[in-house]
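Q: Quick note: to get the working numbering, add 44 to the position in the sequence shown (first position is 1). Cβ atoms here follow ideal geometry from the backbone N, Cα and C, with glycine treated the same way. Quick one: the structure is below, questions incoming.
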Amino acid sequence: MKQDLQTARRNLNSPNIKTRKRALKIIKQYKRNRKSA
């Protein structure tokens, strides 16, 4: 994973839409992986 969860959370407040969407995807992916593990 390129970005860790902390970075993703921090990026959610970014003014850049692309960055926010990517961060959201990472957080969702993390939640999904944690549930299945």
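Going straight from the alpha carbon of R64 to that of K79, what length do you get?
A: Computed Cα separation, rounded: 23 angstroms.
Q: Measure the alpha-carbon distance for R66 versus A52 and round it to whole angstroms.
A: Their Cα atoms are separated by approximately 8 angstroms.
Q: Using DSSP with H/G/I as helix, E/B as strand and the rest coil, what is L56?
A: Coil at L56, not helix or strand.
Q: Compare the Cα-Cα distances from L68 to each of L56, N60, D48 and report the closest residue.
A: With distances taken between Cα atoms, L68 lies closest to L56.
Q: If we ignore side chains and look at the alpha-carbon of each, how far apart do Y74 and P59 end up?
A: Their backbone Cα atoms lie some 22 angstroms apart in a straight line.
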